[in-house]
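Chains as they are written, first to last, in the working numbering: chain Y, 621 to 1051; chain C, 621 to 1051. For each residue, glycine too, the CB sits at the ideal point set by N, CA and C. Computed from a prediction, not measured in an experiment: that's the story for all the values here. Report on one structure; see the data block that follows.
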C-alpha cells in the first residue's frame, strides 16, 4: 500500500472505531499491554540494534538515553496503559441537550476526530503513549518516529496494531510510516487526515506547520517568563525563579526570561544572582539589570530566544503593564508566571497575559499534563483554537449534533404565522 | 495604517478586550444598537447608493434583495443585538478545576480567541451580526464585505466601531478592510490573526482555505443526504424528503441526494416523485431508480454536486451500510438524515455517519443556529476540530489554564522519594 491507500484505510477504520464501545476499547488496551509484555525480549533485542547503530554513529548521550527501551521502560509503558484504561471514555459524552419542540430533541455529543497523524523524534515510548491515547479516544493513527529508532518502532507498531486487531479493532487503525517521503506525502492528505501532532524540535514543528493544510496541534517555541512584582515574597521569588529556570533546562516549560519590577530589583537581583549561579546558570541582562548586578549584556534578540540551556535573560520593568506587554510581545503563548502577594495584580496578569498557561506564585515547570492531573498527554499546544496547554484525551475528541425527531419539517416553523413554534427548552448543559 | 498595522492594533485591542467585564460589553452593545437607530437615515441613504449602483450593473434580483438594508432590516438587526445582550457571557466560565496540592489550584477558564478575520459576501446584516458576536465573546474583528455593499458596510462599520469605542472598548477592536488586496494581505498575517471565518460561495470559501495558514472556520460544500430505511413511515418519508429538498433550495442544509432502501423503493419513489414534481423539482436517478420511476439518468458526478437548485439525485441502496458508506464517501460532513421507525438503525446511522449534524426523522433544514436555539450564528462549520455544526458564541472562545500557588516549586515533587506528592483532587468538572 502506498501512503494514500494507507491513509484511506485509516479513515475507513476510523468510521467503525468511532462506534466501538468503551469496554471493547479497554479490552483492546489490555491485550496491547499483554502483547508488549509477551514480546518484551524481542522488543529489547530490536532496541539493542538501534542502540548499537546509534553508538556507531556517535549519537549524543542524552539522545541515546531517550532511545533506550529496556525492561523498566516497558514496565512503565504498561503501567501507563493501565492508567489509561481507568480513565473515563471521552467519546459519547452529552455536552448539551435542548428540546427544540415536542418530540424534537437536539443532543451535542462528543465523538472522535478521525485520523491523527503523529510525527515524533527518537523516544519509542512516545509511540506507545500516543497510539494508546488515540485508541481510547476512538481515533485511527498514522505514526512516524525518528529513524534512529526504526527497529524499535517497527516491532512496537506491529505488536500494538496486531494486538488491537486481534481484540476486534478495525484493520488499519494504526500504521507506521517509515520514510521522510511518507511524511511529506502524509502532510498533503487533508482528505483523509484530520489532525497532525508533531513532537520534536522547534525547527521540526515549524516545518510541519508550514507544510500542510491539515490542522496542527502543538507548539514550536516555549519562551516562558517569570515576572517578580514589587510586593513579592523575596524567598519565594528566588525559589520560583531558580526552579523555573534550572529544575530541567531542556524543556519547553523552563523559563527563559526573568522580568523584575524596578522597586524590588536591587535586593531581589542580588539574591537571585547568587542562587542562579549556584545552579550553574549564566545571566544576560538589560542595562538597568547591569547597573545592579554583574551580567553579560542582553541584546534585543535575547528576548526571543529559547535557550533550553543554563542561560537566563533578565529585564527590569517599570510596572506590571510593561511586564505584560513584554510577555505578549516576545513570549510564545506557552507558560508565564507572576510572583506577587497582591491578588488583584495576579488576576490582572492572568487575565491579560495571552498564554495557554498563566501561573501565580508557582514555578513554570508545573505546566505539564502529568502535573495537571490529565493522566496522559499527547503534547502541549499553543494553538488558540480547539485545545490549548497540556492536551490529554479530551483534546482528541470533537462533537457532533444529533437531532432526533418524529417527522418534523421546517415548513411548519417558517414565516411569521407559522403552524408551530420552537420551544428551545434546555434539557441539559455542561458546557 | 496599512493592513499589517491595522491587524497589529486589533491584536493589541484584543488583549484588553479579553478582560472587559460582561456589564461593560453589554453596555457597549446597547450603545451600538442606539447608534444604529440614531444613524438609520444615513445608513439607508448609503445603502440606496449601493442599490442604485447594483441596479445599474444589472445585479440579479436575489442578490439585490440580500443587499437591501432598510428600516425593517435595521429593526431586525437591533432586535438581534438585544437577544445577544441577554445571552450568557461565554468568557470567564470555569470548565474544570483541580486541587493539585494544598494551596495549588488549577482552573481551566474560557477566554476569547483573539483576533477574528471575517470575509463575507453581499449581506450587510452579516456585518452587524458577526461584529457584535465577536464583541460579546471578547474578540477583535477585521471585516471585509462584498464590494457591492461598500457604502453600506463603511457606515455600519464606522457606526459600530465608534459607538463601541465611545462606550469604552479599546481602539482598533473593529476595522473594515476595503479591497481584495487587503484580504490577500490579511490571510498572510498569522502573527496577528487567530481565526478566519469566510461566508460565501463554495469557490470563495475554498479560495480562503487554500490561501492561508490561519485556521479557517466554515464549510465549502453542503452535500446533504436523506436516507429512507425499509421500515420508514411512508408519509413521513415523503414529507421530510420534500422539505429537505424544496423548503429553500439555495442553502447549504438543503438535501442534494436521496438514498432509498431497495425494499421500500417501489412504493416510496412513486409517491416521492409526485410530491417533488409538484414542488417543481427535477429528478436524476441511478439505474435502479430509473427502473421504477421516470427520471433523468444520474452520472457518478451527480453524487458530488451541490445543486442549490430544484434538482435531486436519487440512488437505491441495498441496505443501511451502503447508505452510510455512500454518505461518508460523497457527503461533505455537513448534515445527513435518516427516516426509520427502528431506533437501533437510527442510532447506528447517527454514530457511523461522520457529519457535523446527523438527524433522525426530521428535515435536514433544521441544522441551523437559530433553529438549534444557539441565539446567534457565525456560520456552520464542517471542521473536525474546535467547533462543528452551527457555531454560536461558544465557538468564538478557547480556554486558558490558570494555576494559583503559594510558592510551590517542581523540585519538591520530582523523583521517586519526593518531598511532596500531588493530590489531583477534582474540585469541579463540567466538561
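*Please state if the CB of residue 861 of chain Y and the CB of residue 895 of chain Y are separated by a distance shorter than 9 angstroms.*
yes
_Check whether chain C comes within 9 angstroms of residue 915 of chain Y, counting only Cβ atoms and requiring the distance to be less than that._
no
_Collapsed DSSP secondary structure at residue 697 of chain Y in the structure displayed_ = helix
*Leaving aside the five residues before and after residue 734 of chain Y along the sequence, list all residues of the same chain whose C-beta is less than 6 angstroms from its C-beta, in chain order.*
634 and 814
*asked:* Out of Y/937, Y/751 and Y/1005, which one is the CA nearest neighbour of residue 700 of chain Y?
replied: Y/751
_Between which residues of its own chain and residue 713 of chain C is the CB-CB distance below 6 angstroms, once the five residues before and five after are set aside?_
730
*asked:* If we define contact as Cβ-Cβ less than 9 angstroms, is residue 921 of chain C a contact residue for chain Y?
replied: no
*Coarse secondary structure for residue 838 of chain C, derived from DSSP in three states*: coil
*Is there a Cβ from chain C that is less than 9 angstroms from the Cβ of residue 986 of chain Y?*
yes
_chain C within 9 angstroms of residue 689 of chain Y, Cβ atoms only_ = no
_For residue 984 of chain C, the nearest candidate out of C/1043, C/876, C/907 and C/674 (CA to CA)_ = C/876
*Simplified DSSP state of residue 918 of chain C, which is helix, strand or coil*: coil
*How about the stretch 744 to 762 of chain C and the stretch 719 to 729 of chain C: do they share at least three Cβ pairs that are nearer than 8 angstroms?*
no
*Is the stretch 1015 to 1027 of chain C in contact with the stretch 998 to 1009 of chain Y, if contact means three or more CB pairs nearer than 8 angstroms?*
yes
_Beta-bridge pairing of residue 875 of chain C - partner residues as DSSP gives them_ = C/844
_Counting only Cβ pairs nearer than 7 angstroms, list the residues of chain C close to residue 856 of chain Y._
1027
*asked:* At the 9 angstroms Cβ level, is residue 780 of chain C part of the contact set with chain Y, yes or no?
replied: no
*asked:* Using the three-state DSSP reduction, which class does residue 1004 of chain C fall into: helix, strand or coil?
replied: coil
*residue 766 of chain Y bridges to which residues according to DSSP?*
In DSSP, residue 766 of chain Y forms no bridge with anything.
*asked:* Could you tell me which whole beta strand (DSSP E) segments of length 3 or greater appear in the stretch 959 to 1015 of chain Y?
replied: 977 to 982, 999 to 1001 and 1009 to 1011
*Measure the Cβ-Cβ separation of residue 710 of chain C and residue 1014 of chain C and say whether it is below 9 angstroms.*
yes
*Could you name the residues of the same chain whose beta carbon sits closer than 6 angstroms to that of residue 841 of chain C, not counting the 5 residues immediately before and after it, in chain order?*
822, 926 and 952
*May I have a chain-ordered list of the alpha helix (DSSP H) segments no shorter than 4 residues that lie completely inside the stretch 779 to 856 of chain Y?*
800 to 807 and 822 to 830
_Considering only DSSP beta bridges, list what residue 1021 of chain Y is partnered with._
Y/728 and C/977
*When the Cα of residue 727 of chain C is compared with those of Y/1035, Y/990, Y/880 and Y/978, which residue comes out closest?*
Y/978
*Can you pull the chain Y residues whose beta carbon is under 9 angstroms from the beta carbon of residue 972 of chain C, in chain order?*
635, 636, 638 and 639
_the stretch 761 to 770 of chain C contacting the stretch 793 to 802 of chain C, beta-carbon criterion three pairs below 8 angstroms_ = yes
*If you measure from the beta carbon of residue 658 of chain C to each beta carbon in chain Y, is any gap under 9 angstroms?*
no
_So within the stretch 655 to 703 of chain C, which uninterrupted alpha helix (DSSP H) runs reach at least 4 residues, ignoring any that extend past its ends?_
660 to 676 and 681 to 687
*Cβ-Cβ separation, residue 975 of chain Y to residue 956 of chain Y (assumed contact under 8 angstroms), whole Å*: 5 angstroms
*Straight-line CA distance for residue 676 of chain Y to residue 851 of chain Y?*
55 angstroms
*Got a sec? Which residues, its chain only, sit under 8 angstroms from residue 867 of chain Y by beta carbon, not counting five neighbours each side?*
874, 983 and 985
*Using a threshold of 9 angstroms, state whether the C-beta atoms of residue 847 of chain C and residue 958 of chain C are closer than that.*
yes
*Going by CA-CA distance only, name the one from Y/838, Y/901, Y/853 and Y/966 that's closest to residue 864 of chain Y.*
Y/901
*Taking the Cβ atom as the reference point for each residue, do residue 807 of chain Y and residue 637 of chain Y lie within a distance shorter than 9 angstroms?*
no
*asked:* Using CA atoms only, rank isn't needed, just tell me which of Y/869, Y/870 and Y/914 is closest to residue 891 of chain Y.
replied: Y/914
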